[in-house]
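Numbering (full-length UniProt numbering), first residue to last: 1 to 415. All C-beta atoms, glycine included, are put in the ideal place defined by N, C-alpha and C. These numbers come from a predicted model, not from an experiment. Worksheet for the structure shown next.
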Amino acid sequence: MFTMNASLENIKNGINELDQFNSTKGQGTTRILFTDVELEAREYIKDKMKMNGLTVEEDAIGNIFGVLEGQDPKLPPIWSGSHIDTVKHAGKFDGMAGVIAALEAQRMIKEAGMKHKRTIKSVVFTSEEPTRFGLCCLGSRALAGELQRKDLREICDEDEESLEQVLERLGYDLNAFHLIKKSNHDVYASVELHIEQGAVLEQLGKPIGIVDAIAGPSNITVTIEGVQEHAGSTPMPIRVDALTAASEIVLKVEALAKGSSSEHTVGTVGFMEVYPNASNAIPGKVTFTIDLRDSDMAVKEEVLQELLSSFKEIESKRQVSIHYVVDNHDQPMHCDNHINSMIEKICLRKSIDYNRMISGAYHDSIFVGKFAPISMIFVPSQGGLSHNPNEWTDFEDIKLGTEILAESLLTLANE
Ligand code: GLV
Ligand code: MN
Ligand code: MN
């Protein structure tokens, strides 16, 4: 049994120091992929890894690995990590808690002199959030082989700079891109600690969640074209208003998600641009995104099909044209039963109350799960708030999660 305590100071300082790399200080945390603050945060993590005696590796899309070598480095390693990029005006825990917890778990194992056969790697996955390039989980998607060299040219930010151009400008060796992909058995197991981002643990009064499945996201970008006309002189019956058509879709997304046969279906329209965006012009064009998720792929497929067929009805009813692109349609991922029972046993032995649960938020683990057995440890989010400047998780809860994580990693590293 591993009895060493995680250091509350290390966890607190790690999260607070990382939070200094923030482009919206005073208005939540914003750290967008490959901006100055994100690049500085990467250097901070690499320095921390080196100070902790780890070897630092980085692949051609910027996934960072801190290597704590095992007694038999030829065995497939154990991974633990998360992300350090954020949505706009986010909190300081989403992603960062998992990175700092992985570093602290490695430090505990190393300082306690615990022997482990397998290498343990902490990981910072590149851009879990879709904030800059509209596509989530760039680093872990590439590790799973679902983002390839040829795709980099097609993925652009709002300044029309492609991911390829950005990576080249920063000196990443794109000739080595094919080396990123992992195959089955390259990694023995992976466990990610994350804040829950919902209120289930808080409501149950339990400090730990063990995740059974992670919902998979589908993201669709929709453009509706109507006719831009004068708001005063165009009679109601002859208008072709792109925004009223979009509004029907917004409500359809909500109705389909609420009425689905799965309690885990969620649908959101969180981004919309209206042209010309003038109080006295009928909107001629609207672009918006749909985020649809479920832990049951078959139900998500059904909802998506029903949604897309409603576009045709709205087109003919309102005379608009609707174009859409399905940007990603990702599978949910099941966590590994063996790892989950092991985490459960650790909790039982330590008399820690836990809850087996579904993650409605997605995580890099959905892609890691494509080539390795995975699990996730959740710690409570106050009020269930996340993607919000007021996101909060007590450091004591992260400490407890880190201790369970450290013991899990050590157990797996000796299998
Ligand atoms: C990840 O941040 C998500 O949107 O679930
Ligand atoms: Mn997030
Ligand atoms: Mn996250």
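C-beta contact flag for residue i and residue j at 8 Å
i      : j      : result
Ala60  : Leu138 : no
Pro217 : Tyr362 : yes
Met297 : Gln331 : yes
Gly95  : Glu128 : yes
Ile195 : Ala97  : yes
Thr35  : Pro73  : no
Thr287 : Thr244 : no
Buried or exposed (CB count within 10 angstroms, at least 16 for buried), residue i
i      : result
Ala189 : buried
Ser341 : exposed
Thr126 : buried
Lys92  : buried
Met51  : exposed
Ala372 : buried
Met333 : buried
Ile238 : exposed
Gln305 : exposed
Gln197 : buried
Arg169 : exposed
Thr393 : buried
Ala112 : exposed
Arg42  : buried
Val326 : exposed
Same chain only: Cβ atoms within 6 Å of residue i, ignoring 5 sequence neighbours per side
i      : result
Lys285 : Glu225, Ala242 and Tyr275
Pro207 : Asp397 and Leu400
Ser359 : Val211 and Ile214
Phe177 : Ala60 and Arg149
Ser321 : Glu225
Cys156 : Ser162
Asn280 : Ala231
Close-in-space but distant-in-sequence residues of the same chain around residue i (CB under 8 Å, 5 per side omitted)
i      : result
Leu405 : Ser80, Ala101, Ala102, Ala105, Val191, Leu193 and Ile377
Thr29  : Asp19, Asn22, Thr86, His89, Ala90, Gly91, Lys92 and Pro389
Tyr44  : Glu17, Leu18 and Phe21
Ile339 : Ala189, Val191, Pro373, Ile374, Ser375, Ser408 and Leu412
Asp294 : Ala215, Gly216, Ser260, Ser262, His264, Thr265, Val266, Lys300, Val303 and Pro332
Leu179 : Asp59 and Ala60
Beta-carbon contacts of residue i that lie in its chain and below 7 Å, excluding the five residues immediately before and after
i      : result
Lys252 : Leu307 and Ser310
His185 : Pro76
Leu204 : Asn355
Leu147 : Leu138 and Arg141
Lys117 : Gly70, Gln71, Asp72, Leu75, Ala413 and Asn414
Residues that DSSP places opposite residue i in a beta bridge
i      : result
Glu301 : None; Glu301 has no bridge partner.
Lys121 : Val67 and Trp79
Ser359 : Ile214
Ala189 : Ile78
Leu292 : Ser218 and Gly267
Val274 : Val286
Asn328 : Asn219
Tyr354 : Ile208
Met96  : In DSSP, Met96 forms no bridge with anything.
Ala90  : Thr29
Closer than 7 Å: residue i CB and nearest ligand 5 heavy atom
i      : result
Val274 : As far as ligands go, the structure on display features ligand 1, ligand 2 and ligand 3 and does not contain ligand 5.
- Query: In chain order, what residues place their C-beta within less than 5 Å of a heavy atom belonging to ligand 3?
  - Reply: Asp94 and Gly95
- Query: Taking any heavy atom of ligand 1 as the mark, which residues have a C-beta closer than 5 Å to it, listed down the chain?
  - Reply: Ala361 and Tyr362
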